[in-house]
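Notes follow the structure.
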Amino acid sequence: MIEGVPVGDAEGQDASSSKLKLLGVAISMVAIMLLVSIQGWIIDDVVDEIKKDLGIYERVPVWERSEWPYITSGSYSYVMEMGDYGILETDNEWNSEHHFVSFDLPMSEGGSAPNGVVSLAVWLPDVPPGVQVPVIAEFGPYFDEVSVETPSIEVPGTWLGQMIIDQILPHGYAFAQVSVMGTGRSNHCMDLMGNAEQLGVDAAVTWLGTQEWSNGGVSMIGKSYDGSTPWQAATFGNEYLKTIVPISGLIGVMELMWKNGSSEARAPIMHNGVYGSYGIDGDQEDIGNMCPDYIIGPGTGVAAYMWGGEAAGTYWEERYFLDRVLNNYRGSVYLIQGMHDWNVDPHMAVPVINQLKDSGIEAKGLFGQWDHDYPDRPDYHFDRSGEGRGREAYPQMVRFDWMQDLLEWFDWYLKGVGEQPGLFVEIQSNQGQWRIEDRYPPDGMESISLDLGGAMMNVAGTTTILPNGNFGPIYESEPFEEPIWISGLPRLHVEVSTATVGGQIYALLEDCSEAGDCIHIGHAIMDLRYHEGGTQEQTWLPIFQTINAKMEFFAMDAQIEAGHFLRLSLASTGEDYLPASTSSIVQIQEGSSSNLILDTIHEADKLLFDPPLCTHPYCQDWLNQTAQ
Numbered sequence: 235m236i237e238g239v240p241v242g243d244a245e246g247q248d249a250s251s252s253k254l255k256l257l258g259v260a261i262s263m264v265a266i267m268l269l270v271s272i273q274g275w276i277i278d279d280v281v282d283e284i285k286k287d288l289g290i291y292e293r294v295p296v297w298e299r300s301e302w303p304y305i306t307s308g309s310y311s312y313v314m315e316m317g318d319y320g321i322l323e324t325d326n327e328w329n330s331e332h333h334f335v336s337f338d339l340p341m342s343e344g345g346s347a348p349n350g351v352v353s354l355a356v357w358l359p360d361v362p363p364g365v366q367v368p369v370i371a372e373f374g375p376y377f378d379e380v381s382v383e384t385p386s387i388e389v390p391g392t393w394l395g396q397m398i399i400d401q402i403l404p405h406g407y408a409f410a411q412v413s414v415m416g417t418g419r420s421n422h423c424m425d426l427m428g429n430a431e432q433l434g435v436d437a438a439v440t441w442l443g444t445q446e447w448s449n450g451g452v453s454m455i456g457k458s459y460d461g462s463t464p465w466q467a468a469t470f471g472n473e474y475l476k477t478i479v480p481i482s483g484l485i486g487v488m489e490l491m492w493k494n495g496s497s498e499a500r501a502p503i504m505h506n507g508v509y510g511s512y513g514i515d516g517d518q519e520d521i522g523n524m525c526p527d528y529i530i531g532p533g534t535g536v537a538a539y540m541w542g543g544e545a546a547g548t549y550w551e552e553r554y555f556l557d558r559v560l561n562n563y564r565g566s567v568y569l570i571q572g573m574h575d576w577n578v579d580p581h582m583a584v585p586v587i588n589q590l591k592d593s594g595i596e597a598k599g600l601f602g603q604w605d606h607d608y609p610d611r612p613d614y615h616f617d618r619s620g621e622g623r624g625r626e627a628y629p630q631m632v633r634f635d636w637m638q639d640l641l642e643w644f645d646w647y648l649k650g651v652g653e654q655p656g657l658f659v660e661i662q663s664n665q666g667q668w669r670i671e672d673r674y675p676p677d678g679m680e681s682i683s684l685d686l687g688g689a690m691m692n693v694a695g696t697t698t699i700l701p702n703g704n705f706g707p708i709y710e711s712e713p714f715e716e717p718i719w720i721s722g723l724p725r726l727h728v729e730v731s732t733a734t735v736g737g738q739i740y741a742l743l744e745d746c747s748e749a750g751d752c753i754h755i756g757h758a759i760m761d762l763r764y765h766e767g768g769t770q771e772q773t774w775l776p777i778f779q780t781i782n783a784k785m786e787f788f789a790m791d792a793q794i795e796a797g798h799f800l801r802l803s804l805a806s807t808g809e810d811y812l813p814a815s816t817s818s819i820v821q822i823q824e825g826s827s828s829n830l831i832l833d834t835i836h837e838a839d840k841l842l843f844d845p846p847l848c849t850h851p852y853c854q855d856w857l858n859q860t861a862q
């Protein structure tokens, strides 16, 4: 039961009456299909309408879901089908079982080595004896953590965990919550996604896949930190890990907070400064936190900001996951990302989704214009979005078909039942329009190149970027005669000279109306020591030598109306970023070697769709306001 509503049954009928109704419906459908077959006029659309009238849900492609009666008035999404199983009762009020999993820690990890111990809890469905079930697990640092006052490991610790227990477990799934090393009742130190944490994650996956109640299929799902642990598990190629669902998770720790050498404001203190207290509760086991990486953690962020990542030795390399995933993992990935997530930027998903596909991994993407959220939260989406931050895509961004989508994904990849989900990308534009792409960024786009000082006119009267964070040139295009649809990863290639070996450029791209009202559509940043892109520092002769900074914007999908124009503002730093540690005056060299490159798509070539209409009060209020 969720807020008094039986999952999958908005009418509140009990299970027995529902089964009788379904039996009657099935008999009716057989008769209808026989009649239709005899008459020789089987028409899919007619049959679909009959099914909808009778309340029969069949798994339908995403572009047809707006026509089906999903529950769209609550604070989150629901599955369309009621499961057959209740939860297996245990001796506590939450019906969970607690376990410790032991594994070998290398002595080089210090702390509790060699005796690693992972703490987890499991919820099981009440299935007949001998029936084995797959398990869906959420791994993270927040369960039973004294320092942040979170619930114990035996209590559903997140909204997502409760939803899986209430809605997906009844379909014959177990659910597990796992505390990463150094948090909750897992021993050792808070390793912040390092080797010890990764080994603990892998050990727990193996344990979940080898229990007598398990069918050997394990999935991992979670958001933010809990969305990063699935990537860790996938690095091992563990045979029991069949599918992962990372939601705004990290492909690497340094990649979260640095982009082309430029540092987010939180980066120097993110490591032990944020998570350092986790696992410390004042008892004698706190000595287990004395691990080499825990001790050097605070200095790694500062060192990377001052001198680049290589100053930290192998600390960052150990915490980069994507290359090992591409080499070792043979399961599937359902990758979910907010295009306006300022906590975990979309470069964690784009172009990662294409890299997964190119390596042979079966992958699906769901990329909406929300912030650091789940796809189906109408109140959170509304509260966190503002002008140019997703508000224009509300309420179409709210995906009330998401829990059903998860069920269908798990059914196929953990049980092998149903139909294989579509391995495409569902991408939403900044104006709310959803569409299907085989890849993202898409293939076959057309490019527009706008020269700085030419097609992009300098309206600020300066080409100098001073290291004060807010002073630099501003460029504007002519109004577009026809609408354009920008997609993927725009680039800014800009020829510059500097006063010293250093400097930084922050680029803000805005969509402006004829009245001059502008909204954010994208941004890019680069420490000029990394002007070629990537992680290798470059050098040059300041003043005498120019360099071409090959900047790439964070992923965007923006529809620009006819009559609107683009504004590009350049400065030394911008929202949420630090000034360069090697500050310098930067001089822009205008001309054909400095240009803004936009990739565009044509609406007529794409499969557009609408999701189920949100009827939550927040959505209705917003629609009423915009209609006035």
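Going by our numbering, the sequence shown opens with residue 235, and the numbers climb by one from there.
Virtual Cβ for every residue (Gly too), placed ideally from N, Cα, C.
By DSSP, does residue i sit in helix, in strand, or in coil?
i	result
Arg725	strand
Gln411	strand
Phe373	strand
Lys493	strand
Asp745	strand
Trp604	coil
Glu385	Sequence inspection shows Pro at residue 385; the Glu mentioned does not correspond to that position. DSSP places Pro385 in coil when its eight states are reduced to three.
Asp645	helix
Val294	coil
Pro846	coil
Thr769	coil
Asn562	helix
Considering only the alpha carbon of each residue, which of the options lies closest to residue i?
i	options	result
Thr469	Glu552, Ile529 and Ala501	Glu552
Phe925	Ala430, Ala410 and Leu726	Shown here, the chain extends from 235 to 862; a query on residue 925 therefore has no answer.
Glu485	Pro813, Tyr709, Leu560 and Glu837	One point to set straight first is that residue 485 is Ile, not Glu, in the sequence displayed. Selected option, being the one with the closest Cα: Leu560.
Asn702	Leu775, Met637, Trp441 and Gly808	Gly808
His757	Thr734, Thr773 and Arg801	Arg801
Pro295	Pro340, Phe843 and Ser663	Phe843
Leu358	His332, Ala347, Trp856 and Ser346	His332
Report the rounded CA-to-CA distance for residue i versus residue j, giving the unit in angstroms.
i	j	result
Gly443	Thr548	31 angstroms
Trp550	Gly320	45 angstroms
Pro707	Val730	13 angstroms
Gly599	Leu841	15 angstroms
Glu824	Gly688	8 angstroms
Gln630	Phe409	30 angstroms
Ser711	Met691	6 angstroms
Glu626	Asp635	21 angstroms
Tyr539	Ser806	15 angstroms
Pro368	Gly602	29 angstroms
Lys784	Ala537	24 angstroms
Trp576	Glu446	42 angstroms
Trp441	Ile822	57 angstroms
Met491	Tyr811	9 angstroms
Tyr304	Leu640	14 angstroms
Phe334	Tyr376	17 angstroms
Gln772	Glu498	21 angstroms
Leu256	Met314	Summary for Leu256: the model assigns pLDDT 44, below 50, so the residue's position carries little reliability; its value from the coordinates is reported in the next sentence. When rounded, the distance between both Cα atoms is 14 angstroms.
Val578	Gly364	42 angstroms
Lys476	Ala437	15 angstroms
Who are the near neighbours of residue i in its chain, counting only those whose CB is closer than 7 angstroms to its CB and skipping five residues on each side?
i	result
Ser747	His798
Leu847	Ser300 and Thr306
Ser818	Pro701, Thr732, Ala733, Thr734, Gly736 and Gly737
Trp774	Val735 and Ile781
Pro655	Lys598, Glu642, Trp643 and Trp646
Lys649	Pro368
Report all residues from its chain with a CB closer than 8 angstroms to the CB of residue i; omit the five preceding and five following residues, and keep chain order.
i	result
His581	Glu489, Lys493, Phe788 and Ala789
Met679	Ser721, Gly722, Asp833, Thr834 and Ile835
Kindly indicate the opening and closing residues of the alpha helix (DSSP H) around residue i.
i	result
Cys853	Pro851 to Ala861
Glu431	Asn429 to Gly443
Thr463	Thr463 to Ala468
His615	Pro612 to Arg618
Asn349	Counting along the chain, Asn349 falls outside any alpha helix (DSSP H), though it belongs to the beta strand (DSSP E) covering Asn349 to Trp357.
Skipping 5 residues on each side, what residues in its chain have a beta carbon closer than 6 angstroms to that of residue i?
i	result
Val435	Phe373, Thr463, Gln466 and Ala467
Trp328	Glu388 and Val389
Tyr740	Ile759, Ala805, Thr807 and Gly808
Leu254	Confidence at Leu254 is low in this model, with a pLDDT of 42, below 50, so its placement is unreliable and the value that follows should be read with caution. Same-chain partners within the cutoff: there are none.
Tyr568	Val479, Lys598 and Trp643
How would you write the range of the beta strand (DSSP E) that residue i sits in, first residue to last?
i	result
Phe480	According to the sequence shown, residue 480 is Pro rather than Phe. Its beta strand (DSSP E) spans residues Leu475 to Ile481.
Met314	Premise fails: Met314 is in no beta strand (DSSP E) and is neither H nor E.
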